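Just add 2 to the spot in the sequence shown (first one is 1) and you have this note's numbering.
Beta carbons are placed, not taken as given, at the ideal position from N, Cα and C, and that holds for glycine.
Just so it is clear, the structure is predicted and the values come from calculations on it, not from any experiment.
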Amino acid sequence: MSSLALPEEAHLLFVCEGTFEQYLISELLQAGKLIVDASSVVDITRTRGASQIQSQYLNFDYDWPVAIARVLDSRRENFSLGRLYRDRYPVLNFYTHPEIEMLIIVSEGMFSSYTQSFKSAMRPSEYCMQKLKLGNVKSRDFLEQYWSIDALCKAIRDYASLAHARKGEFVLADLLR
(Lines of atoms letter the chains of each structure in order from A and count residues from 1; the text may use other names and numbers.)
(Lines give C-alpha, C1' and ligand atoms only; values in the text may rest on other atoms or scores of the structure.)
Protein backbone atom coordinates (compact mmCIF):
# COMPACT_ATOMS: atom_id res chain seq x y z
CA MET A 1 0.00 0.00 0.00
CA SER A 2 1.05 3.57 -0.58
CA SER A 3 0.81 6.47 1.74
CA LEU A 4 -2.24 8.44 0.70
CA ALA A 5 -2.30 12.14 1.48
CA LEU A 6 -5.48 13.96 0.54
CA PRO A 7 -5.54 17.73 0.28
CA GLU A 8 -6.67 19.21 3.61
CA GLU A 9 -10.47 19.38 3.85
CA ALA A 10 -10.71 17.67 0.47
CA HIS A 11 -14.00 16.39 -0.84
CA LEU A 12 -13.88 13.34 -3.09
CA LEU A 13 -15.67 12.61 -6.30
CA PHE A 14 -15.61 8.84 -6.71
CA VAL A 15 -15.49 7.69 -10.33
CA CYS A 16 -16.23 3.96 -10.43
CA GLU A 17 -15.59 1.59 -13.30
CA GLY A 18 -18.55 -0.72 -12.76
CA THR A 19 -21.42 -1.88 -10.58
CA PHE A 20 -19.19 -3.73 -8.11
CA GLU A 21 -16.92 -0.73 -7.61
CA GLN A 22 -19.86 1.64 -7.16
CA TYR A 23 -21.54 -0.77 -4.73
CA LEU A 24 -18.32 -1.22 -2.77
CA ILE A 25 -17.66 2.51 -2.35
CA SER A 26 -21.32 3.25 -1.50
CA GLU A 27 -21.52 0.52 1.14
CA LEU A 28 -18.17 1.35 2.72
CA LEU A 29 -19.08 5.03 2.83
CA GLN A 30 -22.49 4.35 4.39
CA ALA A 31 -20.84 2.12 7.02
CA GLY A 32 -18.25 4.76 7.89
CA LYS A 33 -15.34 2.58 6.77
CA LEU A 34 -13.71 5.05 4.35
CA ILE A 35 -11.08 7.66 5.17
CA VAL A 36 -13.69 10.31 4.32
CA ASP A 37 -17.22 10.59 5.60
CA ALA A 38 -20.37 11.04 3.55
CA SER A 39 -20.37 14.83 4.00
CA SER A 40 -17.00 14.93 2.21
CA VAL A 41 -18.17 13.09 -0.90
CA VAL A 42 -19.30 15.06 -3.93
CA ASP A 43 -20.80 11.96 -5.61
CA ILE A 44 -20.20 8.33 -6.51
CA THR A 45 -20.61 8.02 -10.26
CA ARG A 46 -20.02 5.59 -13.06
CA THR A 47 -19.45 8.45 -15.49
CA ARG A 48 -15.85 7.85 -16.55
CA GLY A 49 -14.95 10.24 -19.35
CA ALA A 50 -12.86 13.25 -18.34
CA SER A 51 -14.93 15.67 -20.44
CA GLN A 52 -18.19 14.43 -18.90
CA ILE A 53 -16.71 14.66 -15.39
CA GLN A 54 -15.61 18.23 -16.11
CA SER A 55 -19.02 19.33 -17.36
CA GLN A 56 -21.09 17.48 -14.72
CA TYR A 57 -18.95 18.05 -11.62
CA LEU A 58 -16.10 20.52 -12.06
CA ASN A 59 -17.77 23.63 -13.47
CA PHE A 60 -18.76 24.87 -10.02
CA ASP A 61 -17.10 27.10 -7.46
CA TYR A 62 -16.72 24.74 -4.54
CA ASP A 63 -15.88 26.17 -1.12
CA TRP A 64 -13.45 23.29 -0.56
CA PRO A 65 -10.84 21.43 -2.58
CA VAL A 66 -12.14 18.54 -4.67
CA ALA A 67 -10.11 15.48 -5.63
CA ILE A 68 -11.17 12.79 -8.06
CA ALA A 69 -10.83 9.22 -6.78
CA ARG A 70 -11.03 6.75 -9.66
CA VAL A 71 -11.71 3.10 -8.74
CA LEU A 72 -10.74 0.92 -11.70
CA ASP A 73 -8.83 -2.18 -12.74
CA SER A 74 -7.06 -1.01 -15.88
CA ARG A 75 -3.84 0.94 -15.69
CA ARG A 76 -4.19 1.75 -19.38
CA GLU A 77 -7.46 3.65 -19.20
CA ASN A 78 -6.80 7.21 -20.34
CA PHE A 79 -8.20 9.99 -18.18
CA SER A 80 -6.89 13.45 -18.86
CA LEU A 81 -8.56 16.57 -17.55
CA GLY A 82 -8.38 19.68 -19.68
CA ARG A 83 -5.71 22.24 -18.87
CA LEU A 84 -8.17 24.47 -16.98
CA TYR A 85 -8.93 21.61 -14.57
CA ARG A 86 -5.68 19.65 -14.39
CA ASP A 87 -3.97 21.69 -11.68
CA ARG A 88 -7.13 22.39 -9.66
CA TYR A 89 -8.44 18.85 -9.29
CA PRO A 90 -6.01 16.10 -8.30
CA VAL A 91 -6.78 12.66 -9.73
CA LEU A 92 -6.08 9.62 -7.56
CA ASN A 93 -6.32 6.14 -9.09
CA PHE A 94 -7.20 3.16 -6.90
CA TYR A 95 -6.52 -0.05 -8.75
CA THR A 96 -8.32 -3.36 -8.35
CA HIS A 97 -6.00 -5.13 -10.79
CA PRO A 98 -6.66 -7.54 -12.43
CA GLU A 99 -10.37 -7.30 -11.56
CA ILE A 100 -12.42 -6.42 -8.51
CA GLU A 101 -13.80 -9.98 -8.50
CA MET A 102 -10.45 -10.93 -6.96
CA LEU A 103 -12.02 -9.82 -3.67
CA ILE A 104 -14.49 -12.71 -3.96
CA ILE A 105 -11.67 -15.15 -4.72
CA VAL A 106 -9.77 -13.89 -1.66
CA SER A 107 -12.90 -14.04 0.50
CA GLU A 108 -13.48 -17.65 -0.55
CA GLY A 109 -9.88 -18.55 0.39
CA MET A 110 -9.03 -19.43 -3.21
CA PHE A 111 -6.35 -16.82 -4.02
CA SER A 112 -3.51 -19.37 -4.21
CA SER A 113 -5.57 -21.81 -6.25
CA TYR A 114 -6.54 -19.11 -8.72
CA THR A 115 -3.09 -17.55 -9.09
CA GLN A 116 -1.24 -20.88 -9.35
CA SER A 117 -3.59 -22.80 -11.63
CA PHE A 118 -6.08 -20.56 -13.41
CA LYS A 119 -4.73 -17.00 -13.67
CA SER A 120 -3.47 -17.30 -17.24
CA ALA A 121 -6.48 -19.26 -18.51
CA MET A 122 -9.44 -17.59 -16.81
CA ARG A 123 -10.50 -14.10 -15.78
CA PRO A 124 -11.41 -13.70 -12.10
CA SER A 125 -15.10 -13.20 -12.93
CA GLU A 126 -15.12 -16.46 -14.96
CA TYR A 127 -13.34 -18.30 -12.13
CA CYS A 128 -15.99 -17.11 -9.67
CA MET A 129 -18.77 -18.43 -11.88
CA GLN A 130 -17.18 -21.65 -13.16
CA LYS A 131 -15.02 -22.87 -10.29
CA LEU A 132 -16.69 -21.28 -7.27
CA LYS A 133 -20.20 -21.77 -8.70
CA LEU A 134 -21.22 -18.26 -7.74
CA GLY A 135 -23.96 -16.75 -9.92
CA ASN A 136 -23.72 -13.41 -11.63
CA VAL A 137 -21.01 -11.92 -9.42
CA LYS A 138 -21.35 -8.53 -11.07
CA SER A 139 -25.05 -8.06 -10.29
CA ARG A 140 -26.20 -5.79 -7.51
CA ASP A 141 -28.45 -8.55 -6.11
CA PHE A 142 -25.52 -10.92 -5.79
CA LEU A 143 -23.33 -8.26 -4.18
CA GLU A 144 -25.98 -7.34 -1.61
CA GLN A 145 -26.51 -10.99 -0.65
CA TYR A 146 -22.85 -12.02 -0.66
CA TRP A 147 -21.06 -9.24 1.19
CA SER A 148 -21.25 -8.02 4.74
CA ILE A 149 -19.30 -4.85 5.51
CA ASP A 150 -16.83 -6.72 7.74
CA ALA A 151 -16.23 -9.41 5.10
CA LEU A 152 -15.73 -6.76 2.45
CA CYS A 153 -13.18 -4.84 4.55
CA LYS A 154 -11.35 -8.06 5.39
CA ALA A 155 -11.19 -9.12 1.73
CA ILE A 156 -9.87 -5.68 0.72
CA ARG A 157 -7.14 -5.78 3.37
CA ASP A 158 -6.26 -9.41 2.67
CA TYR A 159 -6.03 -8.77 -1.07
CA ALA A 160 -3.76 -5.76 -0.47
CA SER A 161 -1.37 -7.99 1.47
CA LEU A 162 -1.49 -10.83 -1.11
CA ALA A 163 -1.28 -8.84 -4.33
CA HIS A 164 1.71 -6.75 -5.19
CA ALA A 165 0.83 -3.17 -6.01
CA ARG A 166 3.32 -1.15 -7.97
CA LYS A 167 5.39 1.34 -6.04
CA GLY A 168 3.44 4.56 -5.53
CA GLU A 169 0.19 2.96 -6.66
CA PHE A 170 -2.99 3.17 -4.58
CA VAL A 171 -5.24 0.19 -3.85
CA LEU A 172 -8.66 -0.07 -2.22
CA ALA A 173 -7.13 -0.67 1.21
CA ASP A 174 -5.72 2.87 1.05
CA LEU A 175 -9.30 4.16 1.21
CA LEU A 176 -10.17 2.27 4.40
CA ARG A 177 -10.01 3.79 7.88
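What is the DSSP secondary structure of TYR116, counted as helix, strand or coil?
helix
Which of helix, strand or coil DSSP assigns to VAL93:
strand
Within this structure, are the beta carbons of ASP75 and PRO100 separated by less than 9 Å?
yes
In the DSSP assignment, what residue or residues form a beta bridge with ARG72?
Per DSSP, VAL17, ASN95.
If we ignore side chains and look at the alpha-carbon of each, how far apart do GLU79 and GLU19 end up?
Whole-angstrom Cα-Cα distance: 10 Å.
Environment of GLN132 [buried if 16+ CB atoms lie within 10 Å]:
exposed
Same chain, Cβ closer than 6 Å to LEU136, five either side skipped, listed in chain order:
CYS130
Can you give me the Cβ contacts of SER127 inside the same chain, cut-off strictly under 7 Å, excluding the 5 residues immediately before and after it?
GLU101, GLU103, VAL139, LYS140
Across the segment 38-46 and the segment 111-124, are there enough close Cβ pairs to call them in contact, namely three or more that are closer than 8 Å?
no
Tell me, to the nearest whole angstrom, how far the beta carbon of ALA69 is from that of LEU30; I am working on the premise that it is less than 8 Å.
Contact flag wrong, Cβ pair sits at about 17 Å.
For TYR213, which residues in the same chain have their Cβ closer than 7 Å to its Cβ, ignoring the five residues on either side in sequence?
There is no way to answer for residue 213, as the model of the chain reaches only from 3 to 179.
Given ALA52 as reference, the closest of SER28, PRO9, ARG85, ARG168 once Cα atoms are compared:
ARG85
Nearest candidate by alpha-carbon position, reference VAL47, set GLN24, ASP65, PHE172, LEU60
Rather than Val, the amino acid found at residue 47 in this sequence is Thr. Closest by alpha carbon: GLN24.
Going along the chain, which residues of its own chain have a beta-carbon closer than 8 Å to the beta-carbon of ALA165, five neighbours each way excluded?
HIS99, MET104, VAL173
How far does the beta strand (DSSP E) with VAL139 in it extend, from its first residue to its last?
Boundaries cannot be given for VAL139, as no beta strand (DSSP E) includes it and DSSP labels it neither H nor E.
Beta-carbon separation of ILE151 and ALA71 under 9 Å?
ALA71 sits away from ILE151, with the two beta carbons spaced by 9 Å or more.
Which residues mark the beginning and the end of the beta strand (DSSP E) in which ASP45 is found?
43-47
Put PHE81 into one of helix, strand or coil per three-state DSSP.
coil
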